[in-house]
Every structure is written in structure tokens, then in C-alpha cells.
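A short worksheet on the structure shown next.
Residue numbers (the working numbering): 648 to 1262.
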């Protein structure tokens, strides 16, 4: 077996093993049916207080409501929220932003599919909402400060919209008047200014806080290893990601609230909950020192992300205010970048870029910019592939030149084998001298394949986690490049009048679509640039590999399969032209015919008596 075939088999086998392991560890997520909403009763205990670590300044714990308040919250007066991208309402009970839907996104591609629900009020299935308020300091009755159940009065405005903020007030009857002004921009950012005017005769100590509450784990969790779902936080440049289960399994304190993390004296950062495409994040103003925590109430099955600013002493006749922000919407790269430029530290990192962030970030930036120019994400992926291949071309050129030279050395290598006989050491020494004399690196052919592995994984991550690929059309039936190929051999790729198997099902894996088939064919044709090895084991590996890859990658995102087809096509073209330029003319048609002849000979051999080849 010559060194070229050894290297090619080694590189191909390594690529195969890595992708096989990836496929086994990170299978494409199955489409799950949402569970039946659990029935909540008035006996569910109230959410416990915020962890003691946040109360070291002497303020009273922050209380959240339990299911016993569901009815009053549902019946409370509401203020409409209406912007170009958002619709919903906020409740005057607690001033909760708890009803929010995203106008630009629908749950599926089906006609008439509902728009995506971002936040939902307590008492509904999968309740998810944001709260703000004040915690009482020493000597202050907790009922004298506004909390989750406080009923606010609408003081100004009737609909929260861009350029039209609303103002809420609450008088505790003890000389203090609390107010909250809420505004929203044209995208997904709310700005909340909380104020207290102390008209009493004594100073008061109060601590402003913010909270995002998730009742039980979300119903639509994908539970896919490559994807982070749960809490995400930035504290002075340090990113942390905590899964839902890790929050629930953290240490329990005396209040029955589990503390996953507590960070104190943070100067710049944010904290919240994130899933595949959406997130709700609390953002104190940069420069404001604050504490952040994640808690889990084991009794009520409630998760919370909390920020609390230092306790403020408000003298008699004085007032104090604090400004915070709430992001609630889609994780669009361009929008997060703009907010980051406006002062939200490292906000782009709320997207799950993964271990290969040094590749995924620039790859996505380039894909995003190409898509802006072209306007079609599928074509943008093909253009990105061309650029990546152009960047790797110098290395590929050396590799293919080395392969062409290896072909030229084939006669000399055969002579070495004959002269060395069974002396393997002599043969290896002779080959090394030959490589050195002819300046050939037998390992050079492996490098392009090995370099493509992290790029392949990074592009897969980009295609899977970024919302820009969600429902991104290519052409014809390919209207969602983040989903598997929707076509199938079963209905002749849409020519027959019945539906293809559901993506992610075993039937869809067996009766593959047109893109995986093109992938297999492109790999097979690329393989035929070189004659098949004479060793039967190598022949079998080479014969099966394109079709194994075809079925393995068939259930991956169709955008990734488009990349792989484009990559194979460009690689074939490069290799063919470079080998021709070096004086070696690949006999593509002859190699294809030779493969069929070997199969025919093998079939005849199996029919002959004793298994011997007929002469």
C-alpha cells in the first residue's frame, strides 16, 4: 500500500470517526410534543425570599407571589404594549411585564401560525415574567415598599409604545410615594426608572431590585447538548452559563431557595434566562454596583434571576431614583451588537458561541455580511464556502501538489518494494530517502481534511444556534436552513402527491432528501479522482464511506448539508486542476468504470466454484 493511500485513508477515517462521535453525542433534536399543562392549585406555597447573600445590608427579603395570587393577577388592570416588533401588555399588579409576543416571528412556517410568545403571566402554563420593586431596609415594614403584589396606579400614558412611555405611582400612606416610568425602544429593550420621594419626617432605607421569574422549566426545552438553555450572566467581563438542572440541584439554604450563583459588587454586567432563540435579561446601568443571583424554589418549582442594587438612604424631604433595563426578545446578532455598542457589556456573548467561539464569531460575521449583500442565506453559505476554500487554498495547493508528486513516484516506490522484499525496515528507509530527495511530504494530504473538522463543527454551531438561520429560505421546498432537508425519496422529492416523513424521524433518516443524496454523490465523485486502492479492505472502506456520510448528515440542518456539498464540489475542482497543472491527469471516467468492473468481477467470483476468480 503506497503512502498516499495510507494518508488519505488515515485522514478520511479520522474525519469519519470524529463526525460519527459528534453524531452520537449530539444527535439532531427531536420535535417534541408539548406536555399537558399542569394544574396549579391555591395550596402551592408562596415563592420564598431572595437568598440571604443578597440581604447582607439589612434589607428585608424580596417576596414573590404564589399560585394563590393567580386569579387577582389575571383580573388586574393592564396597560397595552404596542411597538413595531412587540405586542402585549403589563399588569398593574406589581407593574409586571408579563405578556409579550414577538410580531416578527411565528412558531412554524405554516400559514396562520401564531406569533412567538416571549413572556406570559403567572397562572398560565409556562409562566415567565419580569418584576421590579424595592426591598425594605432596617426599621421599615415590608408592606411600606412596593413588591410583586403591589397594585400600581397608571399616572400618565395609556399605551406603552416607542416614544410614548407610561408612568406608574403608588402611595404607601406613610409619606412615601413610589413611581416607575417605563419606556421601550423600537426593538426589544425596556428602560425602567424607579423613584421614591420621601415626604415623611424620618429617613428610609430601601434597595431597588429586578427579577425574572420562570415557573418550572420551559415546556419547549430542546435538551440538545450543543445548545445552552437556562441562565446566562455577565459579571465584570466573566461569562457564566448555568443549565436549568444545575440551578435546581444547587445547595439549598434555610429559606428553601437553592442558590446556583451569587455574585456581589458587580460593576458591569447582566443576568437572565435564555433558550434557543429568545432571552430575557436584566441590565443595571454600567457603573452601578449590584449583586446578582440565581435561585430555585423547590416547593413551588420557580426559577429566578435577580439583580439588586445597594441599599439607599433617602432623607426626609429627599428623593432617590435608579435606572435599569430589561431586554426581552430575539437574540438577533445585529441588535445585540448595537446594544453592546450602546454600553451593554459583551452582550453578543449571550449567544451560545460554544468552545470554538474564536471560529464561530468570525464565521457568523462573515456569513451575516454576505447575506446582507446577497439576500439569500443558502447562496450566502455557498459564497462563505468559496471564501473559506480560498483562505485555505495555499495549504490545499501544497497538499494536492504533494499528492501529484506521490503519483509520479509510484513506479520508484514499486521498485523499492520489490528490492526490499520482506524487509520492512529497509523499505521504510528507502521511502524516507526518496521523499527527502524528491522533497515530498506524505502527510501533506491530511492537513486540509484535518483543518476542515473544526470549521465544520463551527459552521454547524453557527447554523444551529443563530436565529438568522431560523426559517431562512433557500429555494423551493428549502424554506428553513436550520432544519433538516424536508424532501424525501419516498415521494420522489415532492413529485408524488403525499407528504414526506417528519424531519427527525427514522423514516426521514432512511428515505433521505435530495440534499443528502447530492452530498453522497459529490463525495463519491471526489473519491474517483484517484484509482481505488488494490487492498480489498481499503476498497470496502472507500466504497461505503460516501453513502455512510450521506445517511449520517442527512438529518443535520440543511444549511450545513449545503455547505458540505459546496465544499466537496470546490475541493474536487481544485484538486483536479492542480493535479493537471502538475502533469498528472486524473482518469475520472476510467476510475468510475473500474469501480463497476471490480464489483462485477467480485460478483462473478462469488458465484464461481470454491470462490476462485474465473480466468
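Glycine included, each C-beta is placed from N, C-alpha and C at the ideal position.
Predicted model, so just to flag it, every value in this text is computed and none were measured.
What are the start and end residues of the alpha helix (DSSP H) that includes residue i?
{"i": "residue 937", "result": "Per DSSP, residue 937 belongs to no alpha helix (DSSP H); it is in the beta strand (DSSP E), 937-944."}
{"i": "residue 1227", "result": "1205-1228"}
{"i": "residue 1061", "result": "1057-1067"}
Quick one: grab the DSSP three-state call for residue i.
{"i": "residue 1142", "result": "coil"}
{"i": "residue 787", "result": "coil"}
{"i": "residue 611", "result": "Given that the chain is displayed from residue 648 to residue 1262, the structure contains no residue 611 and the question cannot be resolved."}
{"i": "residue 1152", "result": "coil"}
{"i": "residue 1084", "result": "helix"}
{"i": "residue 1107", "result": "helix"}
{"i": "residue 929", "result": "strand"}
{"i": "residue 1048", "result": "helix"}
{"i": "residue 877", "result": "strand"}
{"i": "residue 1102", "result": "helix"}
{"i": "residue 984", "result": "helix"}
{"i": "residue 1001", "result": "coil"}
{"i": "residue 1191", "result": "helix"}
{"i": "residue 803", "result": "strand"}
{"i": "residue 831", "result": "strand"}
{"i": "residue 867", "result": "coil"}
{"i": "residue 848", "result": "coil"}
{"i": "residue 1125", "result": "strand"}
{"i": "residue 1198", "result": "helix"}
{"i": "residue 996", "result": "helix"}
{"i": "residue 971", "result": "strand"}
{"i": "residue 909", "result": "strand"}
{"i": "residue 1184", "result": "helix"}
{"i": "residue 1119", "result": "coil"}
{"i": "residue 882", "result": "strand"}
Determine the closest residue to residue i out of the options, with distance taken between C-alpha atoms.
{"i": "residue 1129", "options": "953, 1202, 722", "result": "1202"}
{"i": "residue 1176", "options": "1223, 1207, 1215", "result": "1223"}
{"i": "residue 854", "options": "1040, 963, 938", "result": "938"}
{"i": "residue 927", "options": "1099, 777, 1057, 959", "result": "777"}
{"i": "residue 879", "options": "1047, 887, 1127", "result": "887"}
{"i": "residue 910", "options": "1075, 996, 883, 894", "result": "883"}
{"i": "residue 784", "options": "1070, 775, 960, 916", "result": "960"}
{"i": "residue 1312", "options": "1018, 789, 943, 1068", "result": "Residue 1312 is absent from the structure shown; the chain starts at 648 and stops at 1262."}
{"i": "residue 941", "options": "1058, 1121, 896", "result": "896"}
{"i": "residue 1043", "options": "773, 746, 1217, 1083", "result": "1217"}
{"i": "residue 1157", "options": "876, 1168, 1137", "result": "1137"}
{"i": "residue 1015", "options": "980, 991, 1118, 725", "result": "980"}
{"i": "residue 1168", "options": "1215, 1133, 1154, 1135", "result": "1215"}
{"i": "residue 922", "options": "727, 934, 975", "result": "975"}
{"i": "residue 993", "options": "848, 729, 915", "result": "915"}
{"i": "residue 738", "options": "1013, 725, 732", "result": "725"}
{"i": "residue 963", "options": "848, 893, 1190", "result": "848"}
{"i": "residue 732", "options": "722, 723, 750", "result": "750"}
{"i": "residue 985", "options": "835, 1188, 811, 932", "result": "835"}
{"i": "residue 1166", "options": "1195, 1142, 1139", "result": "1195"}
{"i": "residue 1200", "options": "1221, 1170, 1227", "result": "1170"}
How far does the beta strand (DSSP E) with residue i in it reach, from first residue to last?
{"i": "residue 978", "result": "Neither: residue 978 is in no beta strand (DSSP E) and is coded neither H nor E."}
{"i": "residue 844", "result": "836-845"}
{"i": "residue 811", "result": "Premise fails: residue 811 is in no beta strand (DSSP E) and is neither H nor E."}
{"i": "residue 964", "result": "Careful: residue 964 lies outside any beta strand (DSSP E) and carries neither H nor E."}
{"i": "residue 1169", "result": "Careful: residue 1169 lies outside any beta strand (DSSP E), inside the alpha helix (DSSP H) at 1161-1174."}
{"i": "residue 750", "result": "744-753"}
{"i": "residue 920", "result": "916-921"}
{"i": "residue 1005", "result": "Premise fails: residue 1005 lies in the alpha helix (DSSP H), 1004-1021, not in any beta strand (DSSP E)."}
{"i": "residue 1029", "result": "Here residue 1029 belongs to no beta strand (DSSP E); instead the alpha helix (DSSP H) covers 1024-1038."}
{"i": "residue 762", "result": "762-766"}
{"i": "residue 887", "result": "885-890"}
Name the one or two DSSP bridge partners that residue i has.
{"i": "residue 855", "result": "781"}
{"i": "residue 990", "result": "Beta-bridge pairing links residue 990 to no other residue."}
{"i": "residue 735", "result": "728, 747"}
{"i": "residue 798", "result": "740"}
{"i": "residue 1135", "result": "Answer is none; residue 1135 lacks a bridge partner."}
{"i": "residue 862", "result": "949"}
{"i": "residue 818", "result": "824"}
{"i": "residue 771", "result": "Per DSSP, none; premise fails for residue 771."}
Measuring from the CB of residue i, is there a heavy atom of the ligand MG at a distance below 7 Å?
{"i": "residue 767", "result": "Ligands are entirely absent from the displayed structure, and the ligand MG is therefore not among its contents."}
Do the segment 1156-1166 and the segment 1209-1219 meet, that is, are 3 or more Cβ pairs less than 8 Å apart? yes
Quick one: any contact between the segment 792-801 and the segment 730-742, if contact means 3 or more CB pairs under 8 Å? yes
Is the segment 831-849 touching the segment 964-975 in the sense that three or more CB pairs, one from each, lie closer than 8 Å? yes
With three or more beta-carbon pairs closer than 8 Å as the criterion, would you say the segment 1129-1148 touches the segment 1045-1052? no
Three or more C-beta pairs below 8 Å linking the segment 996-1009 and the segment 815-825: no
Do the segment 1097-1106 and the segment 1072-1088 make contact, defined as three or more Cβ pairs closer than 8 Å? no
Can at least three beta-carbon pairs, one atom from the segment 868-876 and one from the segment 944-961, be found at a separation below 8 Å? no
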